[in-house]
Structures are given as C-alpha cells and as structure tokens.
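Visitor: Numbered by numbering that gives the first Met the number 0, the letters in the sequence shown go through residues 0 to 285 in order. Take this structure, written in structure tokens, and hold onto it; I'll ask about it next.
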Amino acid sequence: MKRRGTRLTWASFTTISLALVAAAVAGPASASVSRVDSQAGGELELAERIDPEPGDQPDDPARVSDDFGGAGPLLGYTTARPEALPEVGRVDGRYRAELTDNTGNRTLHFHGDQGRLDAKVVTFPFDYVARNIGIGTLSDSQTAPSSAGSPYLFAGVQVHSTDLDAADSAHVVVGHRGPTAFTVEGKNTVNGSSSVNDVGANTVPDGRADIRIVGNSDRTLTVYWQQPNVGDAGDDEWQLYRGTGELPGATAAFGPSVYVGLITYAFGTAGVPFVGTADAVELAGE
Ligand SMILES: [Ca+2]
0 MKRRGTRLTW
10 ASFTTISLAL
20 VAAAVAGPAS
30 ASVSRVDSQA
40 GGELELAERI
50 DPEPGDQPDD
60 PARVSDDFGG
70 AGPLLGYTTA
80 RPEALPEVGR
90 VDGRYRAELT
100 DNTGNRTLHF
110 HGDQGRLDAK
120 VVTFPFDYVA
130 RNIGIGTLSD
140 SQTAPSSAGS
150 PYLFAGVQVH
160 STDLDAADSA
170 HVVVGHRGPT
180 AFTVEGKNTV
190 NGSSSVNDVG
200 ANTVPDGRAD
210 IRIVGNSDRT
220 LTVYWQQPNV
230 GDAGDDEWQL
240 YRGTGELPGA
250 TAAFGPSVYV
260 GLITYAFGTA
270 GVPFVGTADA
280 VELAGE
C-alpha cells in the first residue's frame with residue numbers, strides 16, 4: 000500500500016500547516032449545521048519549499064484518501080455538527096475521536112438524531128475503504144473497551160446526502176451494539192427513519208475491522224467488511240455484509256455525489272468514555 004506509513008520527516012511542515020489550518024477552521028462555525036471547509040491549497044507549495052525530496056510529499060487535503068499522518072486537526076474535511084463531538088483529530092497517525100460526553104445522545108446517529116460527521120465529497124461510482132476502524136479505551140485506542148453493561152459504542156463510515164441537514168444517510172460501524180458486542184452494524188436512514196441490523200456478536204473480536212463501501216452507478220451501496228488487514232491490500236479477504244452486501248431497509252435517494260467519511264457515536268452513557276479510531280481511508284483510483 001502506498002499511503003500507509005507515518006511521515007515523521009514532516010513534523011516541521013505539520014507544525015506550520017496546522018497553524019494555517021487552525022486559522023482557516025476558526026471562522027464559520029455558528030450555523031445550525033456547522034461546517035468546516037478547510038482552505039489548504041497553499042500548503043503544498045509551502046511544503047515543497049521546506050522539503051523538495053521526491054516521494055515524501057505530505058497528504059493532499061483535497062484527496063479523499065487519507066492516512067491521517069502526523070498529529071493535529073483533520074485536514075480538508077467538511078465537518079457536520081462538530082459541537083456534538085469536539086475532540087476529533089489526528090493522533091499517532093490515526094483518526095481519533097474521544098467520546099467523553101453523550102449528554103442527550105448528542106453523538107447519536109439514529110432516526111432524526113445526527114451526530115458529528117467528518118467527510119469529503121465523493122461521486123458515484125466509488126469504492127471506499129476504511130482501515131482498522133473501531134473502538135478503544137482512552138488509555139489504549141487499540142484495545143476495545145469492555146462490553147459489560149451492554150453499551151452501544153461505535154466508530155465507522157457514513158455515506159450522507161450532500162444536504163447535511165437532511166437525515167438521509169447510510170452507515171457501517173464497528174463496536175458494541177448493546178447485547179450484541181464486537182460486531183459490525185449497518186444502518187440506512189431515510190428522511191429521519193432508520194433501519195438497522197448487524198453481522199452478529201463476536202464477529203470482530205478486536206472491536207475493529209476494515210470497512211468497504213462500494214457506491215454503485217445506480218447510487219445503491221454494496222458493503223463489505225473483514226478483520227483488520229494491516230498488511231498488503233493483496234491480502235484483503237472482503238466479506239459481503241450479511242452475505243448480500245445490502246444494508247437493511249431502503250437506501251436514501253442519493254444524488255450524483257455524497258459525503259463519505261467517519262463517525263464515532265454512542266447511544267446512552269454506558270461505556271462512555273471511549274475512543275473511535277481509524278488507521279486510514281482509501282478511495283480507489285486516487
Ligand atoms: Ca495512519
């Protein structure tokens with residue numbers, strides 16, 4: 000895989016670019032749906048001046064593929080409802096969301112409730128993969144929290160209508176689903192009405208998985224999952240979600256493009272706090 004490594008040599012670039020991005024994201028955050036559209040077009044030029052070494056380029060924030068290299072804010076994402084889950088960024092080369100407060104189910108994605116989404120626009124058809132995504136503890140993000148008390152704790156991928164106010168989405172998330180622990184949940188939400196199921200308990204014993212969502216030309220979705228593959232993509236062993244690749248219920252009538260990105264959420268407060276992490280996301284063809 001070409002975009003899996005941590006680029007430590009970019010520490011100095013990252014420090015500078017984070018200041019630029021922090022300034023960019025400090026602005027428009029007061030609408031009912033707060034969106035952060037990072038303007039980072041100048042960063043590559045800056046990077047080239049600092050370190051022209053070929054083959055060691057920083058991530059392009061305009062790309063959907065992202066290995067979350069370095070540390071700091073997410074780069075180039077549109078963020079819906081950041082106030083629902085404020086602590087999201089890049090830590091140790093991963094997407095990391097610290098979910099410490101679920102008052103009023105503020106983080107929840109279910110029916111009309113919509114928590115935080117960090118996403119980029121993708122046009123049908125597409126093939127999107129999230130690597131090693133799931134739940135962990137505050138002290139060790141790669142060890143799943145206990146399922147005692149039947150908590151609902153998830154991290155995963157959401158496909159959302161380009162209208163971020165509309166409760167029209169589909170998601171595939173990994174974690175604990177109440178009495179069904181260590182599972183992959185799939186959910187369709189259409190006009191604020193959700194249909195949901197899962198692949199069964201103890202199917203992802205690490206509380207993490209790789210998730211693949213194929214957006215078909217007819218704007219339907221085909222979903223796959225597998226145990227985390229931290230090696231070569233050639234070793235992928237994708238399994239169709241519940242044997243069909245289909246999420247339950249009807250899928251929203253998506254337009255020609257959608258937002259695709261990462262969510263971390265809880266239902267209730269059992270098991271809170273926890274963290275959601277992902278090693279990388281990959282859009283085929285980038
Ligand atoms: Ca990474």
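All residues carry an ideal CB built from backbone N, CA and C; glycine is no exception. It should be emphasised that the depicted structure is a prediction, and the values quoted were computed from it without experimental measurement.
For glycine 270 versus histidine 175, is the C-beta spacing smaller than 8 Å?
Guide: Position 271 of the sequence shown holds residue 270. Position 176 of the sequence shown holds residue 175. Their beta carbons are under 8 Å apart, which means glycine 270 touches histidine 175 by this criterion.
Visitor: Can you tell which of Glu281, Tyr76, Val121 has the C-alpha that lies nearest to the C-alpha of serine 160?
Guide: Looking up residue 160 in the sequence shown gives position 161. Closest by alpha carbon: Val121.
Visitor: Could you tell me the boundaries of the beta strand (DSSP E) in which threonine 122 lies?
Guide: For the purposes of this step, residue 122 is identified with residue 123 of the sequence shown, where counting begins at 1. That run of the beta strand (DSSP E) goes 116-122.
Visitor: Here's the rule I'm using: 16 or more other beta-carbon atoms within 10 Å means buried, otherwise exposed. How should valine 171 be labelled?
Guide: Looking up residue 171 in the sequence shown gives position 172. Valine 171 is buried by the Cβ-count criterion.
Visitor: For ligand 1, is there a heavy atom less than 7 Å away from the beta-carbon of aspartate 66?
Guide: Taking the first residue of the sequence shown as 1, we reach residue 66 at position 67. Yes, since a heavy atom of ligand 1 falls inside the 7 Å radius drawn around the Cβ of aspartate 66.
Visitor: DSSP puts tryptophan 224 in a beta bridge; with which residues?
Guide: Translated into the one-based positions of the sequence shown, residue 224 becomes position 225. DSSP lists Ile210, Gln238 as partners of tryptophan 224.
Visitor: Return the Cβ separation of valine 222 and tyrosine 240 in integer angstroms, given the expectation that the two are a contact with Cβ distance under 8 Å.
Guide: To locate residue 222, count along the sequence shown from 1; it is residue 223. To locate residue 240, count along the sequence shown from 1; it is residue 241. Yes, valine 222 and tyrosine 240 are in contact; Cβ-Cβ is about 4 Å, under 8 Å.
Visitor: For glutamate 285, name the three-state secondary structure that DSSP assigns.
Guide: Within the sequence shown, the letter at position 286 stands for residue 285. Three-state result, glutamate 285: coil.
Visitor: How is the beta strand (DSSP E) around alanine 180 delimited, first residue to last?
Guide: Mapped onto the sequence shown, residue 180 falls at position 181. Residues 179-189.
Visitor: Ordered along the chain, which non-local residues of its own chain (more than five positions away) have a Cβ less than 6 Å from that of arginine 218?
Guide: Within the sequence shown, numbered from 1, the residue matching residue 218 stands at position 219. The residues are Phe123, Phe253.
Visitor: Cβ of aspartate 278 within 7 Å of any heavy atom in ligand 1?
Guide: In the sequence shown, residue 278 corresponds to position 279, counting from 1. For ligand 1, at least one heavy atom lies less than 7 Å from the Cβ of aspartate 278.
Visitor: May I ask you to check if the CB of glycine 92 is nearer than 7 Å to at least one heavy atom of ligand 1?
Guide: Residue mapping note: residue 92 aligns to position 93 of the sequence shown, counting from 1. Correct: glycine 92 has its Cβ closer than 7 Å to ligand 1.
Visitor: In angstroms with no decimal places, state the Cα-to-Cα distance between tyrosine 258 and proline 227.
Guide: Here the question's residue 258 lines up with position 259 in the sequence shown. Here the question's residue 227 lines up with position 228 in the sequence shown. C-alpha separation (whole angstroms): 24 Å.
Visitor: Contact defined as beta carbons within less than 8 Å: I believe valine 173 pairs with alanine 154. What is the distance between those atoms, to the nearest angstrom?
Guide: As a position in the sequence shown, residue 173 is number 174, starting the count at 1. As a position in the sequence shown, residue 154 is number 155, starting the count at 1. Confirmed, Cβ separation roughly 6 Å.
Visitor: Which whole-angstrom value describes the C-beta separation of threonine 106 and alanine 83, a residue pair presumed to lie in contact below a C-beta threshold of 8 Å?
Guide: Walking along the sequence shown from the start, residue 106 turns up at place 107. Walking along the sequence shown from the start, residue 83 turns up at place 84. At roughly 5 Å, the Cβ-Cβ gap stays under 8 Å, so threonine 106 and alanine 83 are in contact.
Visitor: Just to confirm my understanding: we take leucine 152, look at its own chain, exclude 5 residues before and 5 after, and list those with CB closer than 7 Å. What are they?
Guide: Locating residue 152 in the sequence shown gives position 153, where the first residue counts as 1. Within the same chain, leucine 152 has close Cβ partners Ile134, Pro144, Gly174, His175, Ala265, Gly270, Phe273.
Visitor: Since I believe alanine 96 is in contact with serine 146 (beta carbons under 8 Å), could you give me their beta-carbon distance rounded to a whole number of angstroms?
Guide: Position 147 of the sequence shown, counting from 1, holds the residue named residue 146. Position 97 of the sequence shown, counting from 1, holds the residue named residue 96. Actually they are not in contact, since the Cβ atoms of serine 146 and alanine 96 sit about 19 Å apart, beyond 8 Å.
Visitor: Report the residue from Thr99, Gly114, Gly267, Gly177 whose alpha carbon sits nearest the alpha carbon of aspartate 197.
Guide: Residue numbering aside, residue 197 sits at position 198 when the sequence shown is read from its first letter. Checking every option, the nearest Cα to that of aspartate 197 belongs to Gly177.
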